[in-house]
DNA sequence: CCACAGGACGGCT
DNA sequence: AGCCGTCCTGTG
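Numbering (this note's numbering), first residue to last: 17 to 312.
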């Protein structure tokens, strides 16, 4: 069958989608936006998304999703991989901005911003505060294993991410077995606020980026960086510019050539990249971190 | 043993 | 409003 501009067919438990461009598994899964995908020996990735576990491979512009159906693709994977967005056009516009962006895009040409579950993204980025990626992956995996639901792929167990109600019922001490450290109290606090209705996460889809940001920042453990990451990596808002130490360094070194406050970097990015700020940030972040730009 | 890497928060000016 | 010490865990 034909879905938008893609050819889709089913082969056993594999959904295969042809003619997919602007796509690279390493760029997508190792650019710091997600913590649930693991690279296999053959270069494919296995991960849990919502209540599904799949293996994803990419070869000769073909996307191969194992443990999927055509309906799954249309309902979930098409949106998750942001396949209805024209990344060629985004890259063309951003590359014209300056030679720095051009280089960053050439480096991370296959990046796509995943539209991840809002709740899981929020908690994952609360965990990311003052933490490194391998540790974040460990904590998210542990929370899922302890409080999520077991699902299977090839007789191997994987775990869904627990919802706010499940986590709100736990105490900080129990959650601490997942190695979240000082962030555990924030996770419980945020879960309680979602459970009680003090915040309705679904509202952020209906309000402006500024309002969405202000709503999220009211949650414990959520500051400007975590709020922006949550909005961007859940596919909710794209005119944000999450500024962590790497983005700050690359901006200072390549754009400002001096020390620059977070406030000034954010203002510059909003004006300069406009509605594509989130995409620009992701190319810059991946470029900076992989090449250790600005690091000792 | 120590230094260091990472954002949010709270207390201070 | 901006600055800075503290929080937790793993690695070199």
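Using N, Cα and C, we set each Cβ at its ideal position, and we do this for glycine too. In this text the structure is predicted, and so the values were computed from the model without any measurement.
Option in the options with minimal Cα separation from residue i
| i | options | result |
| --- | --- | --- |
| residue 298 | 28, 115, 153, 129 | 129 |
| residue 149 | 253, 310, 54 | 54 |
| residue 271 | 90, 100, 43, 113 | 113 |
| residue 219 | 199, 200, 247 | 247 |
| residue 52 | 151, 32, 287 | 151 |
| residue 226 | 178, 213, 214, 255 | 255 |
| residue 161 | 178, 137, 105, 185 | 178 |
| residue 202 | 79, 186, 89 | 186 |
| residue 44 | 34, 33, 56, 61 | 61 |
| residue 76 | 56, 109, 34, 245 | 34 |
| residue 184 | 42, 36, 135, 26 | 135 |
| residue 87 | 26, 273, 67 | 26 |
| residue 138 | 32, 210, 89, 273 | 210 |
| residue 274 | 290, 292, 310 | 310 |
| residue 106 | 289, 308, 36, 284 | 289 |
| residue 36 | 56, 46, 79 | 79 |
| residue 169 | 278, 67, 42 | 67 |
| residue 123 | 24, 46, 215, 181 | 46 |
| residue 38 | 32, 23, 100 | 100 |
| residue 278 | 116, 228, 231, 240 | 240 |
| residue 228 | 213, 214, 244 | 244 |
| residue 181 | 171, 172, 153, 213 | 213 |
8 Å Cβ shell around residue i - same chain, five flanking residues per side excluded
| i | result |
| --- | --- |
| residue 132 | 49, 50, 65, 96, 249, 250, 251 |
| residue 98 | 128, 129, 130, 131, 251 |
| residue 58 | 73 |
| residue 188 | 200, 201, 204 |
| residue 56 | 62, 71 |
Own chain partners of residue i with C-beta closer than 7 Å, once the 5 adjacent residues on each side are dropped
| i | result |
| --- | --- |
| residue 190 | none |
| residue 118 | 111 |
| residue 82 | 29, 30, 70, 71 |
| residue 120 | 299, 300, 303 |
| residue 158 | 194, 195 |
| residue 276 | 267, 268 |
| residue 281 | 259, 264, 267 |
| residue 93 | 81, 84 |
| residue 221 | 252 |
| residue 145 | 199, 237, 242 |
Assumed close pair residue i, residue j - CB separation to whole angstroms, cut-off 8 Å
| i | j | result |
| --- | --- | --- |
| residue 103 | residue 40 | Not a contact, Cβ separation roughly 11 Å. |
| residue 294 | residue 257 | 7 Å |
| residue 142 | residue 242 | 6 Å |
| residue 292 | residue 116 | Actually they do not touch by this definition, with Cβ atoms about 15 Å apart. |
Beta-ladder partner(s) of residue i, from DSSP
| i | result |
| --- | --- |
| residue 64 | 69 |
| residue 238 | For residue 238, which the question treats as bridged, DSSP gives no partner whatsoever. |
| residue 262 | According to DSSP, which records beta bridges pairwise, residue 262 is partnered with nothing at all. |
| residue 155 | None, per the DSSP bridge assignment. |
| residue 53 | 63 |
| residue 172 | 169 |
| residue 31 | 26, 81 |
| residue 75 | 78 |
Distance cut-off 7 Å: residue i Cβ against heavy atoms of the ligand GTP
| i | result |
| --- | --- |
| residue 195 | The ligand content of the structure shown is nil, which means the ligand GTP is not present either. |
6 Å Cβ shell around residue i - same chain, five flanking residues per side excluded
| i | result |
| --- | --- |
| residue 174 | 64, 69, 167 |
| residue 156 | 51, 140 |
| residue 192 | 200 |
| residue 306 | none |
| residue 285 | 257, 293 |
**Prompt:** Three or more C-beta pairs closer than 8 Å, one from the segment 165-182 and one from the segment 254-262: is that the case here?
**Reply:** no
**Request:** Evaluate contact between the segment 197-209 and the segment 221-240, counting only Cβ atoms and requiring at least three cross-stretch pairs below 8 Å.
**Result:** yes
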